[in-house]
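Enquirer: Sequences listed follow chains D and A, in order. Residues in the first sequence are numbered consecutively from 15, following this note's numbering. Residues in the second sequence are numbered consecutively from 14, following this note's numbering.
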Amino acid sequence: TPIQNDLQEYYTLV
Amino acid sequence: MFEARLVQCSMLKKVLEAIKELLNEATFDCSDAGIQLQAMDNSHVSLVSLNLRSDGFDKYRCDRNLSMGINLASMTKIMKCAGNDDVLTIKAQDNADNVMFMFESQNQEKVSDYDMKLINLDQEHLGIPETDYSCIIKMPSGEFARICRDLSQFGESVVISCTKEGVKFSAAGDVGAANIKLAQTANVDKEEEAVTIEMQEPVTLTFACRYLNSFTKATALSPQVQLSMSADVPLVVEYKIGDFGHIRYYLAPKIEE
Numbered sequence: 015t016p017i018q019n020d021l022q023e024y025y026t027l028v
Numbered sequence: 014m015f016e017a018r019l020v021q022c023s024m025l026k027k028v029l030e031a032i033k034e035l036l037n038e039a040t041f042d043c044s045d046a047g048i049q050l051q052a053m054d055n056s057h058v059s060l061v062s063l064n065l066r067s068d069g070f071d072k073y074r075c076d077r078n079l080s081m082g083i084n085l086a087s088m089t090k091i092m093k094c095a096g097n098d099d100v101l102t103i104k105a106q107d108n109a110d111n112v113m114f115m116f117e118s119q120n121q122e123k124v125s126d127y128d129m130k131l132i133n134l135d136q137e138h139l140g141i142p143e144t145d146y147s148c149i150i151k152m153p154s155g156e157f158a159r160i161c162r163d164l165s166q167f168g169e170s171v172v173i174s175c176t177k178e179g180v181k182f183s184a185a186g187d188v189g190a191a192n193i194k195l196a197q198t199a200n201v202d203k204e205e206e207a208v209t210i211e212m213q214e215p216v217t218l219t220f221a222c223r224y225l226n227s228f229t230k231a232t233a234l235s236p237q238v239q240l241s242m243s244a245d246v247p248l249v250v251e252y253k254i255g256d257f258g259h260i261r262y263y264l265a266p267k268i269e270e
């Protein structure tokens with residue numbers, strides 16, 4: 015089963 | 014001083030419906046340009062981005078930028094006290110620790126005001142770069158809600174696969190497997206009933222049903238929804254909000270281990 019990625023894998027905090 | 018007046022407060026009720034399942038609290042950033050909100054859900058898997066332009070309001074004044082930290086359950090209690098046809102005015106002083114919601118009936122015979130305490134929230138903003146998406150799907154928002162609801166009976170994940178022929182939504186689990194294919198509509202009487210696909214490259218991504226279902230709480234805001242996808246980046250689900258702006262949801266894909 016696929017695992018859920020976190021949004022912060024793609025976008026950085028500003 | 015901040016003051017925003019909305020002749021039909023049903024829009025704000027719908028906005029609240031659209032965010033309160035994903036977020037417990039959020040900061041409403043008010044400026045001359047309008048009201049903006051950006052917040053991730055607790056698990057940091059999805060993000061809500063709301064933009065309400067000042068020119069959509071019947072009256073709008075914001076002398077100084079103001080960030081209002083709001084408990085959405087409290088705001089829901091207050092908005093439940095408003096009739097759909099009431100005229101809403103939101104007011105706050107500069108640096109205030111509370112905000113006032115005033116509801117006036119159309120005939121102005123009933124006027125209620127509710128004062129709500131603001132809360133301090135840590136502001137966590139994500140920088141989201143401009144992206145050219147490989148596939149942009151526009152479809153009736155009710156159809157998207159129906160598909161998410163139907164497929165969530167079959168599994169925790171939905172695979173969205175977009176080619177120039179159409180878009181396929183699939184789920185599989187203990188019960189079996191389900192596939193729903195939508196082709197681009199050839200010609201429709203009403204623009205809002207159309208399914209259109211702009212595709213540069215085909216894309217297949219997997220997403221959690223639970224979040225997609227939460228996003229569809231925005232269905233009442235717009236007859237159409239737009240899904241933007243590229244390989245290996247979050248999905249964007251966008252609902253336009255009439256003359257005001259939009260609500261966008263970002264969702265990180267599920268990936269194979």
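C-beta atoms are modelled at their ideal positions from N, C-alpha and C, and glycine is treated no differently.
Is residue 187 of chain A close to the ligand ATP? I mean its beta-carbon at under 8 Å from any heavy atom of the ligand.
Expert: Absence of the ligand ATP from the depicted structure is noted, as is the absence of any ligand whatsoever, leaving it without description.
Enquirer: Could you name the residues of chain D that residue 141 of chain A contacts, counting a contact when the two beta carbons are closer than 8 Å?
Expert: Per Cβ cutoff of 8 Å: 25.
Enquirer: Taking contact to mean at least 3 C-beta pairs separated by less than 8 Å, is the stretch 115-134 of chain A in contact with the stretch 43-50 of chain A?
Expert: At 8 Å Cβ cutoff, the stretches do not touch.
Enquirer: Roughly how far, in whole angstroms, is the beta-carbon of residue 31 of chain A from the beta-carbon of residue 230 of chain A, given that I think they are within contact range, below 8 Å?
Expert: Right, the Cβ-Cβ distance comes to about 5 Å (below 8 Å), so this counts as a contact.
Enquirer: I need the DSSP call for residue 130 of chain A, collapsed to helix, strand or coil.
Expert: Note: residue 130 of chain A maps to strand in three-state DSSP.
Enquirer: At 3 residues or longer, what runs of the beta strand (DSSP E) sit wholly inside the stretch 163-221 of chain A?
Expert: As far as the stretch 163-221 of chain A is concerned, its whole beta strand (DSSP E) runs of at least 3 residues are 170-175, 179-185, 190-196, 209-212, 216-221.
Enquirer: Please list the residues of the stretch 202-223 of chain A that have a C-beta atom closer than 8 Å to any C-beta atom in chain D, keeping them in chain order.
Expert: If the cut-off is 8 Å between Cβ atoms, the stretch 202-223 of chain A has 219, 221 near chain D.
Enquirer: Assuming residue 36 of chain A contacts residue 85 of chain A under a Cβ cut-off of 8 Å, what Cβ separation, rounded to an integer in Å, is found between them?
Expert: About 6 Å separates the two Cβ atoms, so the contact holds.
Enquirer: On the DSSP bridge list, what partners appear for residue 28 of chain A?
Expert: Residue 28 of chain A pairs with nothing; no bridge assigned.
Enquirer: For the beta strand (DSSP E) containing residue 231 of chain A, list its first residue and its last residue.
Expert: It is not in any beta strand (DSSP E) - residue 231 of chain A carries neither H nor E in the DSSP assignment.
Enquirer: Could you give the distance in angstroms between the alpha-carbon of residue 26 of chain A and the alpha-carbon of residue 89 of chain A?
Expert: Approximately 8 Å, taken between the alpha carbons.
Enquirer: Once the 5 residues before and after residue 24 of chain A are set aside, which same chain residues still bring their CB inside 6 Å of it?
Expert: For residue 24 of chain A, where only same-chain residues beyond five positions count, there are no Cβ hits under 6 Å.
Enquirer: What would DSSP say about residue 75 of chain A, mapped onto helix, strand or coil?
Expert: Of the three classes helix, strand and coil, the one that applies to residue 75 of chain A here is strand, per DSSP.
Enquirer: Please return the same chain residues whose Cβ sits closer than 7 Å to the Cβ of residue 99 of chain A, not counting the five positions on each side in sequence.
Expert: Here the set comprises 22, 116, 117, 118.
Enquirer: Cβ of residue 193 of chain A within 9 Å of Cβ of residue 177 of chain A?
Expert: It is not a contact, given that the beta carbons lie outside the stated cut-off.
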